[in-house]
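Data first, discussion second: the structure below is written as structure tokens.
Protein chains: 2
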Amino acid sequence: MAEKRKTAITPTREQDYPEWYQQVVRAAELAEVSPVRGCMVIKPWGWGIWENMQRVLDGMFKATGHENAYFPLFIPMSFLEKEAEHVEGFAKECAVVTHHRLEPGPDGGLVPAGRLEEPLIVRPTSETIIGAMYAQWVQSYRDLPILINQWANVVRWELRTRLFLRTTEFLWQEGHTAHATEQEAREETALMLDVYADFAENWMAMPVIKGEKTAGERFPGAIATLSIEAMMQDRKALQAGTSHFLGQNFSKAQEIKFQDPNGQEVYAWTTSWGVSTRLVGALVMTHSDDDGLILPPKLAPKHVVVLPIYRNDQERADVLEYCNRLVAQLNDATFSGGAIRAWIDDRDLRGGEKNWQHVKKGVPLRVEVGPRDLAKNGVFLARRDTSEKRGLDRDEFVGTVGTLLDEIQDGLYQRALALRESNTRQIDNLDDFRQYFTPNDEQRPEIHGGFAMCHWAEDPAVDQILKDLKVTIRCIPLATEADAGTCIFTGKPSAGRAVFAKAY
Amino acid sequence: MAEKRKTAITPTREQDYPEWYQQVVRAAELAEVSPVRGCMVIKPWGWGIWENMQRVLDGMFKATGHENAYFPLFIPMSFLEKEAEHVEGFAKECAVVTHHRLEPGPDGGLVPAGRLEEPLIVRPTSETIIGAMYAQWVQSYRDLPILINQWANVVRWELRTRLFLRTTEFLWQEGHTAHATEQEAREETALMLDVYADFAENWMAMPVIKGEKTAGERFPGAIATLSIEAMMQDRKALQAGTSHFLGQNFSKAQEIKFQDPNGQEVYAWTTSWGVSTRLVGALVMTHSDDDGLILPPKLAPKHVVVLPIYRNDQERADVLEYCNRLVAQLNDATFSGGAIRAWIDDRDLRGGEKNWQHVKKGVPLRVEVGPRDLAKNGVFLARRDTSEKRGLDRDEFVGTVGTLLDEIQDGLYQRALALRESNTRQIDNLDDFRQYFTPNDEQRPEIHGGFAMCHWAEDPAVDQILKDLKVTIRCIPLATEADAGTCIFTGKPSAGRAVFAKAY
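Chains A and B, in that order, give the protein sequences. Note that this note's numbering numbers the first sequence so that position 378 is 382, with each residue one more than the last. Note that this note's numbering numbers the second sequence so that position 491 is 495, with each residue one more than the last.
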């Protein structure tokens, strides 16, 4: 029993959740810190997940009428300055290019040379440079809408970084659309939030709450910011995607204007929306356990690893032939995530070590095949999500593997949803609120209640209480019914409850 | 007849080839210059071509055992300095990040602040940062080979830029591999050149010569650089892809070493190889004509545009129904490039203007459908590559459209090959060589012979003659038979002919 309780990941989630996360990312070979401050290296298994995320999201964007394009990495400093709130939001975290070559310095080493007349900012987001192009492209209402997405890297100089969750350079997609009317732009903002929620729930198996951010949490320069919020296993919230209604703020700053059908010159209405490699971090924290990564099959780079077991060359030949046929059969099968991807791992490694590598990497199904399995036309199957192991008939396995992967996908979603539901409470007075978010163990500041649904009103006093408790308003859920009440912080009238939580 | 000779692109190829190129790129809506010096905006139609290139190449890389990963955008200056030739090659064109925030300056505007202790270079290529990671990943021969590719943006501060062909920021893939033996690394270098040649010929319909670069044209730090070279319609050469055998130069600079099977510590052998968005420029220059872009169907974003023609609402309803069914049938068909992508263009635009847009964008097939076509179950088909137009039976069209697209693909390759063959000459004396490359019209310096296959020997005198004529040695073809001769420049013995040409 003692052996059984030893976990592949140290520390466990209970012992130290933040460190557990870092260790899972490392053990699953998803990513590593690089020698460049705050920048990560995404390793092939981590890239495989991101590649799947890109493929699925890209299909969803195209299905909703968007096209891809690509805009410059650099933004002239003066462009960023055009929208006042926007530049204020990003000025503190800009990587600034000031020179365009290197030359030998006085002490023999190289020094920057060729000073630029105007510094260039490595894009932290692309509203300003894309807006400058849209201003050229739009003359008439007939040129609208523009529905463009870009897959790109962006840089925000973060002081504290964590793999995937917050890195100086990260990869993302940013949609930027321009519309003739306010209503159309608002509909676009809501549509893309729906796309993100659909992706989170049906591909990542991660339940999310769709909502609107409060004024203090809006994207710099936006009129409204919508977001999807998910609960991680430490019961903290993670913002997993945002969709911004920018009104005419950016179009006025950048002169995106057009002749409407009546010949009037008016400003366009714009939106922007994005998700990033942060989603890989969210995926890890939603599903993984103390033995490492657990992946929803619909985003797993591969689904089934076949592990041949043999003691001599004759057994090896027989077992490998059996395994090859099995892999071919599996690769012909499908599930709701598409084609099944199976492969044989015949590396020369101890069986235990090899097996644990696949556990830690979250391969959904492991299949051991040895001489005894050949004799009875069987396989020995291990599920990563439940740790269940059993022998079964080979044909039965091949015939049901698609259903099994769908079952795993659904089970992960249900498990995550149950966690959120059992850690979400309506709270109606400040004492309960404080207790809910106050660590019950001084050594374990990460222990707290989860999501609190509370009445509230905008007021500086509320901001101070939340700041002291390190709690934020995650969002005002879009799905809330009208539910008048009283702000638990100020006693002011409240039109509905918001979601309060500690957050990443 | 006068009308017929008016071309959609001004100037024509004959009149001014470089300007014709820029106008084709603009008219086809492939890309635009941006307000950021030397950086381009890739528009949706251009991105669609690059997306197809990425998809096909990515599949080829995976089929040859490579995985994707992602490494940081920034390279610490000291990393670049580790390999002496390498830094010398790139120092003059580095974008240098020196600060990490902006703050209000004395005159109210923003100024860079937060100076970095060590400047960061925006990657011009990633050998040094990737090598630093490989040094951590490789301990034993069992950790080799490492076969990784990265899709990324890179920056080289170019003084003269041209859309796709030479831009400050460009997109590319860079493969970086590490091997236990020299032979394996050399085989990898050759293998990836073959992949590039396969892609160029069978997808881009662009014939290429595979060869090795001379010492002066090698990648900075490489032992050998292989390249594929294509002839553009102005008979200049364009280097379309390179594959470098780096020997142990980078592994020594970066300490990529491992224990071999005998327990000896030795340095790894590395390679790198890449193609970029430059390929889109090559595609344009290989196939397009004076009416705009011509695309090989296997890389065209879309294949068939259906143009409905009607004069009233009743005709409109009937014609659109017919067109919708036609598009559905076409989208169920395939050709050797995969699924056929057809769509209806029912925008409210004059028919002539609409038609010319698709001509200029290089849609391989245009199909007009009007009431008379409905009556006889027909379509009116126009081929972009040959300008041939004819009415034909609808079922016949649907049944043969795949074959037709394959025929177009093959025709474009044959046309490009014929151009190269009729503009390639063996030249055996310096006078002929000079004449071949000397403009026969002082007003038209772009007019010259094409490719010259000549005997040569390494010598500074050769370099000077070539420099004066603005001719370069493109490569020493891999396929050359042993063919001893005499260097036409120096009279020294020569082991074989090289390809000489003016080049992009």
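The C-beta atom is built at its ideal place from N, Cα and C for all residues, glycine as well. Nothing here was measured: the structure is a model prediction, and the numbers come from that model.
Exercise. Buried or exposed: where does N153 of chain B fall if 16 or more other Cβ atoms within 10 Å of its Cβ makes it buried?
Worked result: Around the CB of N153 of chain B, 16 or more other CB atoms lie within 10 Å, so the residue is classed as buried.
For this session: Could you check if E87 of chain A is buried or exposed, using at least 16 other CB atoms within 10 Å of its CB as the buried criterion?
Result: By the neighbour-count rule (16 or more Cβ atoms within 10 Å), E87 of chain A is buried.
Exercise. With DSSP run on the structure shown, which of helix, strand or coil describes H104 of chain B?
Worked result: Of the three classes helix, strand and coil, the one that applies to H104 of chain B here is strand, per DSSP.
Problem set entry | At least 3 beta-carbon pairs within less than 8 Å: the stretch 143-157 of chain A vs the stretch 199-214 of chain A | The stretch 143-157 of chain A, when compared against the stretch 199-214 of chain A, does not touch it at the 8 Å Cβ threshold.
For this session: Mind checking the stretch 488-499 of chain A against chain B and listing, in chain order, the residues whose C-beta falls within less than 8 Å of any C-beta there?
Result: Of all residues in the stretch 488-499 of chain A, none has a C-beta nearer than 8 Å to a C-beta of chain B.
Exercise. Shorter than 8 Å from the beta carbon of G310 of chain B to some beta carbon of chain A?
Worked result: Reading off the sequence, residue 310 of chain B comes out as Val, not Gly. Output row for V310 of chain B: interface = no.
Exercise. Ordered along the chain, which non-local residues of its own chain (more than five positions away) have a Cβ less than 6 Å from that of G500 of chain A?
Worked result: Answer for G500 of chain A: T484 and D487, listed in chain order.
Problem set entry | Residue range of the unbroken alpha helix (DSSP H) whose run includes C327 of chain B | Looking at the DSSP string, the run of the alpha helix (DSSP H) that includes C327 of chain B is D317 to D336.
Exercise. First and last residue of the beta strand (DSSP E) that includes Y271 of chain B?
Worked result: Annotation for Y271 of chain B: the continuous beta strand (DSSP E) segment containing it runs E269 to Y271.
For this session: Show which residues of chain B have a CB atom less than 8 Å away from the CB atom of M289 of chain A.
Result: Result: empty, since nearest Cβ-Cβ is about 20 Å, beyond 8 Å.
For this session: Provide the residue span of the alpha helix (DSSP H) that contains E372 of chain A, from first to last.
Result: Boundaries around E372 of chain A are those of the beta strand (DSSP E), L369 to V373, since no alpha helix (DSSP H) includes it.
Exercise. Shorter than 8 Å from the beta carbon of I469 of chain A to some beta carbon of chain B?
Worked result: Taking Cβ atoms only, chain B never reaches closer than 8 Å to I469 of chain A, which makes this a no.
Exercise. For R105 of chain A, which residues in chain B fall below 8 Å Cβ to Cβ?
Worked result: Neighbours of R105 of chain A on chain B, chain order: A95, K96, E97, C98, V100 and W161.
Exercise. If contact means a Cβ-Cβ distance below 8 Å, which residues of the stretch 33-48 of chain A contact chain B?
Worked result: Answer set for the stretch 33-48 of chain A: E36, S38, P39, V40, C43, M44, V45, I46, K47 and P48.
Exercise. In this structure, what does DSSP give as the bridge partners for T275 of chain B?
Worked result: Answer is B:T181 and B:F249.
Problem set entry | Close Cβ partners of P375 of chain A (< 6 Å) along its chain, the five nearest in sequence each way excluded | Within the same chain, P375 of chain A has close Cβ partners E319.
Exercise. Hey, would you say K217 of chain A sits closer than 8 Å to L482 of chain A, going by beta carbons?
Worked result: Not a contact, by the Cβ cut-off of 8 Å.
For this session: Answer yes or no: do H103 of chain B and G93 of chain B have a C-beta to C-beta separation smaller than 8 Å?
Result: With respect to G93 of chain B, H103 of chain B sits apart: the two C-beta atoms are not nearer than 8 Å.
For this session: Would you mind sorting S516 of chain B into buried or exposed? The rule is 16 or more other CB atoms within 10 Å of its CB.
Result: Past the edges of chain B, shown from 5 to 508, lies residue 516 of chain B, and the structure says nothing about it.
Exercise. Excluding the five sequence neighbours on either side, which residues of its own chain have a C-beta within less than 7 Å of the C-beta of M5 of chain A, listed in chain order?
Worked result: With a pLDDT of 39 at M5 of chain A, under the threshold of 50, the modelled position of that residue is not reliable, and no figure is offered here.
Exercise. Hey, how far is the Cα of E7 of chain B from the Cα of L353 of chain B?
Worked result: With a pLDDT of 48 at E7 of chain B, under the threshold of 50, the predicted position of this residue should be treated as unreliable, and no value is reported.
Exercise. So what's M210 of chain A in DSSP terms, helix, strand or just coil?
Worked result: In the displayed model, M210 of chain A falls within coil according to three-state DSSP, outside both helix and strand.
Exercise. So V363 of chain A packs on V310 of chain A, CB below 8 Å; how close in whole Å?
Worked result: About 15 Å separates the CB atoms of V363 of chain A and V310 of chain A; that is not less than 8 Å, and the two are not in contact.
Exercise. Among B:R345, B:Q268 and B:L324, which one has its Cα closest to the Cα of G406 of chain B?
Worked result: Ranked by Cα distance from G406 of chain B, the options B:R345, B:Q268 and B:L324 are led by B:R345.
Exercise. Less than 8 Å separating the beta-carbons of K306 of chain B and W273 of chain B?
Worked result: Against a cut-off of 8 Å, the Cβ pair of W273 of chain B and K306 of chain B comes out as no contact.
For this session: Give the DSSP-derived three-state secondary structure of F339 of chain A in the structure shown.
Result: Of the three classes helix, strand and coil, the one that applies to F339 of chain A here is strand, per DSSP.
For this session: Can you grab the Cα-Cα spacing for the pair G356 of chain B / R329 of chain A, in whole Å?
Result: Each residue's alpha carbon lies about 58 Å from the other.
For this session: Starting from W155 of chain B, trace the beta strand (DSSP E) both ways and give me its first and last residue.
Result: Note, W155 of chain B: beta strand (DSSP E), I150 to V159.
Exercise. How is the alpha helix (DSSP H) around D410 of chain A delimited, first residue to last?
Worked result: Unbroken alpha helix (DSSP H) run through D410 of chain A: R398 to S426.
Problem set entry | Nearest candidate by alpha-carbon position, reference D336 of chain B, set B:G225, B:G403, B:V367 and B:D294 | Of the listed residues, the one whose Cα sits closest to D336 of chain B is B:G403.
Exercise. Residue range of the beta strand (DSSP E) that F78 of chain A falls in?
Worked result: F78 to P80 is the span of the beta strand (DSSP E), which, as asked, contains F78 of chain A.
For this session: Would you mind reading off the limits of the alpha helix (DSSP H) that contains V91 of chain B?
Result: It spans A88 to F94 - the alpha helix (DSSP H) in which V91 of chain B sits, taken as one unbroken run.
Exercise. Is L2 of chain A near M81 of chain B, with beta carbons less than 8 Å apart?
Worked result: Not covered by the structure: residue 2 of chain A. The range shown for chain A is 5 to 508.
For this session: Give me the Cα-Cα distance between F262 of chain B and Q268 of chain B, rounded to the nearest whole angstrom.
Result: Going from the Cα of F262 of chain B to the Cα of Q268 of chain B covers about 8 Å.
For this session: Could you list which residues in chain B have their beta carbon closer than 8 Å to that of P76 of chain A, in chain order?
Result: What P76 of chain A touches in chain B: S38, V40, C43, M44, V45 and E173.
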